[in-house]
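Following the numbering used here, the residues of the sequence shown are numbered contiguously, the last one being 811.
The beta carbon of each residue, even a glycine, is placed where N, CA and C say it ideally should be.
Data first, discussion second: the structure below is written as structure tokens.
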Amino acid sequence: MSEKKRRYFIRTFGCQMNESDSERISGMLDQTGAVKAERPEDADLIIVNTCAVREKSEEKLFSYLGRLAQLKKKRTLRIAVVGCVAQLRGWELLGKKGAVDFVLGPDNTAELLSLVKEDAAEKHVSTSWSEEWHETSPGLIQRDSPVSAYVTVMEGCDNFCAYCIVPYTRGREKFRPLRSILEEVRDLARKGYLEVQLLGQNVNSYRDPASGRPFTELLREVAAVEGIEWIRFLTSHPKNFRPEIAEAVAGLRKVCRQLHLPLQSGSNAVLKRMKRGYTKEEYLDIISGLRSLMPEISLSTDIIVGFPGETEPDFEESVEVLRQVRFSSIFSFRYSPRPLTAASRLEDSVPKEVKQRRLAEIQHLQKTIQLEDHSRLVGKTMKVLCLGRGQKTPQLFTGRNEGNQVVNFRSPDDPTGRLVDVHITAFGPYSLLGEKTA
Ligand code: SAH
Ligand code: SF4
Ligand code: F3S
């Protein structure tokens, strides 16, 4: 075993869940005395945390592995693939460009620790499931932000939406003990974090394994932690969204009046084939319930275009819902068939060009909506949690308002990590611009 300090580089693809897992992996590696490298060229261990949600996500990984294979020709380098593609492809990945040494599924990431400590030279693949919750001591997570923190509250998903691979890559739903969630949140508060984002594929179905207490109780307990000012959670599922959750958001000052509620499609026929478990009308009822309690609530959603059999009128119904609800942001995707899923057995009937045109159309509509809605915010003053300097514009600070909109602003002092008042002076489709007033 070498005494030289190991240097690792970690590259993360995919969702917040993966970002959060990468922060945990970094913390774990730091514990072994390894040091984080800023570039893959400076590392002797590279961890690639992967996403399998669309075909493109996998393609990105494979081209990245191609680049790493080139690096590996020049010197000793271990490459670990973790996360969703690791789980899905397992041993297959060892054949990919000959670059990969270790393949660890989401429940097996902790094995990285012994592989690193032993300086393992053999190839290693581990993709077994465990029913237990893997605890990470809060102190050992190396977080990217000193202001806003991800806190995982559940893993996996039991919904099996027809298009979605996540239940196969992340396994069955399992909940983290409430006690351990609160321990982490209290630790964050002590470290000065103002915002926590509670993460899970389907957070509304949360239940504390010991007591059975539901998600609303979790929100209440987290809101009671002194020092934490803003609480967000994602993702919610319309099928599990009970009125009590809306009441909790309305009633708890610290829970941001903001909700991500994936619609996927505005057509009942498509929703049914997607096995989403709600209708357009039920979805719209949830939205009007939320808005009657909180007129100012900011809503975001996910939309898939070109699901098998989606007709032009089906697509128009999705467009109509976007016009009606006026989301503050959307994530939109072309349907991509994924292995193992129910929809992969249906014919991928919508031609690529049609998917592309539909995607462009909703993105154009959404841009118009955001421009209109942002224009009404000029002249207003709003609370913004400052996350730091802008990456592209370091002369500006950047943060998010309660509605989770990006606000870039000028400030005479550095307000990173504080909630400040920002007066909005200008806007673009995807962000607001302003001046700090207090
Ligand atoms: N658990 C979350 C996130 C799932 S993945 C949820 O239920 O919303 C994030 C988004 O990717 C989904 O909401 C969906 O819009 C999109 N997505 C998932 N599978 C897809 C596929 N096969 N093709 C295109 N988009 C997909
Ligand atoms: Fe996928 Fe549906 Fe589960 Fe979300 S709820 S992760 S879309 S199966
Ligand atoms: Fe991708 Fe896995 Fe997240 S498939 S979207 S990284 S849960």
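Residue interval of the beta strand (DSSP E) (run including residue i)
{"i": "aspartate 474", "result": "Run containing aspartate 474: none; DSSP gives neither H nor E here."}
{"i": "glutamate 568", "result": "568 to 572"}
{"i": "tyrosine 381", "result": "380 to 385"}
{"i": "alanine 453", "result": "451 to 456"}
{"i": "lysine 490", "result": "Run containing lysine 490: none in the beta strand (DSSP E); it sits in the alpha helix (DSSP H), 484 to 490."}
{"i": "lysine 809", "result": "805 to 809"}
{"i": "tyrosine 656", "result": "Run containing tyrosine 656: none in the beta strand (DSSP E); it sits in the alpha helix (DSSP H), 653 to 666."}
{"i": "tyrosine 798", "result": "The amino acid at residue 798 is misidentified as tyrosine; the sequence shows threonine. Its beta strand (DSSP E) spans residues 792 to 800."}
C-alpha distance - residue i paired with residue j, whole-angstrom precision
{"i": "asparagine 575", "j": "serine 709", "result": "21 Å"}
{"i": "glutamine 515", "j": "glutamate 392", "result": "11 Å"}
{"i": "tryptophan 502", "j": "alanine 596", "result": "32 Å"}
{"i": "serine 609", "j": "threonine 674", "result": "10 Å"}
{"i": "leucine 567", "j": "methionine 527", "result": "21 Å"}
{"i": "glutamate 775", "j": "lysine 627", "result": "10 Å"}
{"i": "proline 582", "j": "leucine 591", "result": "12 Å"}
{"i": "alanine 453", "j": "lysine 447", "result": "18 Å"}
{"i": "glycine 790", "j": "leucine 758", "result": "7 Å"}
{"i": "proline 681", "j": "alanine 522", "result": "38 Å"}
{"i": "leucine 695", "j": "tyrosine 536", "result": "21 Å"}
{"i": "glycine 565", "j": "glutamate 655", "result": "40 Å"}
{"i": "leucine 672", "j": "serine 661", "result": "11 Å"}
{"i": "leucine 438", "j": "arginine 543", "result": "22 Å"}
{"i": "methionine 755", "j": "leucine 434", "result": "40 Å"}
{"i": "proline 785", "j": "proline 587", "result": "44 Å"}
Cβ-based neighbour list, residue i, same chain, cut-off 6 Å, excluding 5 preceding and 5 following
{"i": "arginine 397", "result": "Thr509 and Ile514"}
{"i": "threonine 525", "result": "Ser393 and Leu572"}
{"i": "glutamate 683", "result": "Val643 and Val723"}
{"i": "isoleucine 742", "result": "Arg699"}
{"i": "glycine 400", "result": "Leu513, Ile514 and Gln515"}
{"i": "proline 616", "result": "none"}
{"i": "phenylalanine 533", "result": "Pro540"}
{"i": "leucine 719", "result": "Pro681"}
Range of the contiguous alpha helix (DSSP H) that encloses residue i
{"i": "glycine 772", "result": "That residue, glycine 772, is in no alpha helix (DSSP H); its beta strand (DSSP E) goes 770 to 774."}
{"i": "lysine 765", "result": "Neither: lysine 765 is in no alpha helix (DSSP H) and is coded neither H nor E."}
{"i": "isoleucine 419", "result": "Not the alpha helix (DSSP H): isoleucine 419 falls in the beta strand (DSSP E), residues 418 to 423."}
{"i": "alanine 623", "result": "616 to 624"}
{"i": "threonine 541", "result": "Reading off the sequence shown, one finds tyrosine at residue 541, where the question assumed threonine. First-last of the alpha helix (DSSP H) with tyrosine 541: 539 to 543."}
{"i": "asparagine 641", "result": "641 to 647"}
Neighbourhood of residue i by C-beta, 8 Å cutoff - its chain only, sequence neighbours within 5 removed
{"i": "isoleucine 538", "result": "Ala425, Val426, Cys457, Leu461, Arg711, Pro712, Leu713 and Thr714"}
{"i": "glutamine 389", "result": "Tyr523, Gln570, Leu572 and Leu607"}
{"i": "proline 686", "result": "Ser640"}
{"i": "leucine 839", "result": "Look at the range of the chain in this structure, 374 to 811, and you will see that residue 839 is not part of it."}
Own chain partners of residue i with C-beta closer than 7 Å, once the 5 adjacent residues on each side are dropped
{"i": "lysine 740", "result": "Pro802"}
{"i": "arginine 545", "result": "Gly529 and Asp531"}
{"i": "arginine 664", "result": "Ile670"}
Q | Segment contact flag, the stretch 554 to 564 with the stretch 412 to 426, C-beta cutoff 8 Å, min 3 pairs | A | no
Q: Answer yes if the stretch 755 to 774 comes into contact with the stretch 718 to 732, meaning at least three C-beta pairs across the two stretches below 8 Å, and no otherwise.
A: no
Q. Are the stretch 609 to 619 and the stretch 641 to 661 touching by the rule of at least three beta carbon pairs closer than 8 Å?
A. yes
Q: Would you mind listing the alpha helix (DSSP H) stretches within the stretch 660 to 724 that are 4+ residues and don't spill past its ends, in chain order?
A: 685 to 698
Q. Enumerated in chain order, which unbroken segments of the alpha helix (DSSP H) with a length of 4 residues or greater are wholly contained in the stretch 389 to 420?
A. 389 to 404
Q.
In chain order, what are the residue ranges of uninterrupted alpha helix (DSSP H) at least 4 long that sit wholly in the stretch 504 to 551?
A. 539 to 543
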